[in-house]
Structures are given as C-alpha cells and as structure tokens.
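In my numbering, the protein residues as written are 4 to 61.
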C-alpha cells in the first residue's frame, strides 16, 4: 500500500474505533477496547465477528 492509502485506512480505523467506544465513560476502557480491536484486525487470526469489523472499516 502507498503511504496515502495507509493514512486513509488509519483514519477510517480511528473513526470506526471512535464509533464503537464513544459511549464508554471510562477512558481506560475505551483505550483497551481500541487496542484489542486493532490487534484483532492486524493479527490476521480469524475470530467470530472479525469479518464484519473489517468490512466496517474497509
């Protein structure tokens, strides 16, 4: 991927993570969930629900 494509994908991932964590009141929990979801997407291991998350971002 080109740098511009990576930046665009990174922004889309950040927007998606914000959309699923925005209602969480604890900043620590928001960060932990964001890290977990990011790891799921980057790790490449197939888990239940992962395809739906990837489609939401891509």
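For each residue, glycine too, the CB sits at the ideal point set by N, CA and C.
Which of the three DSSP states is assigned to residue 25 in this structure?
coil
In whole angstroms, what separates the C-alpha of residue 26 from that of residue 7?
30 Å
Quick check on the burial criterion: 16 or more other C-beta atoms within 10 angstroms. Buried or exposed for residue 12?
exposed
Work out the CA separation of residue 34 and residue 28 for me, nearest whole Å.
11 Å
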